[in-house]
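Residues in the sequence shown are numbered from 3 upward in steps of one, following my numbering. Before any comments, here is the structure.
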Amino acid sequence: NSVKVFGWKIGVIHNPGALFGFGKMRELAEQNMFNVLVYGHTHSSNIKWEGNTLFINPGSPTNPIPPFINKPTVALLKLTKDKIIPEIIQI
């Protein structure tokens with residue numbers, strides 16, 4: 003699934019990377035011309051820029067993995083016409 007906001011194309015997936023590696027997510031982002039790819043599955047938050055593409059995992063607000071290291075998190079994307087500002091927020 004995808005949505006456009008201020009001209010930015012944002013894709014949302016569960017996480018094919020868990021089965022096929024990060025290269026599959028990179029390929030998916032390139033094929034669909036996503037500026038942002040939001041993914042999950044790992045329950046571990048992450049922000050990664052590759053060139054002009056943002057890969058962001060919000061983590062989990064209820065079941066972070068590993069729970070003794072990671073805190074519950076959500077992600078916030080601040081979008082303007084000129085920039086994308088990602089943020090991971092501990093809750």
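Yeah, the Cβ is synthetic: ideal placement off N, Cα and C, and Gly gets one too.
Boundaries (first-last residue) of the beta strand (DSSP E) holding residue i
i     : result
Gly13 : Trp10 to Val14
Classification of residue i by the beta-carbon crowding that lies within 10 angstroms, buried from 16 upward
i     : result
Thr82 : exposed
Val14 : exposed
Val5  : exposed
Ile86 : buried
Phe57 : buried
Boundaries of the alpha helix (DSSP H) in which residue i is found, first to last residue
i     : result
Met27 : Phe24 to Asn34
Cβ separation of residue i and residue j, assumed to be a contact under 8 Å, to the nearest whole Å
i     : j     : result
Pro88 : Thr75 : About 12 Å; that fails the 8 Å criterion.
Thr55 : Ala31 : 5 Å
For residue i, the nearest candidate out of the options (CA to CA)
i     : options                       : result
Ile12 : Phe36, Met27, Leu30 and Lys26 : Phe36
Ile67 : Asn48, Thr44, Glu52 and Ile49 : Thr44
Ile90 : Trp10, Ser62, Val5 and Ile71  : Ser62
Phe8  : Gly23, Phe22 and Val38        : Val38
Asn65 : Asp84, Gln92, Phe22 and Lys80 : Gln92
Ser47 : Asn17, Asn3 and Asp84         : Asn17
Lys50 : Asn34, Gln33 and Arg28        : Arg28
Gly23 : Asn3, Tyr41 and Trp10         : Tyr41
- Query: Taking only runs of the beta strand (DSSP E) that begin and end inside the stretch 47 to 89, which ones reach a length of at least 3 residues, in chain order?
  - Reply: 48 to 52, 55 to 59 and 75 to 81
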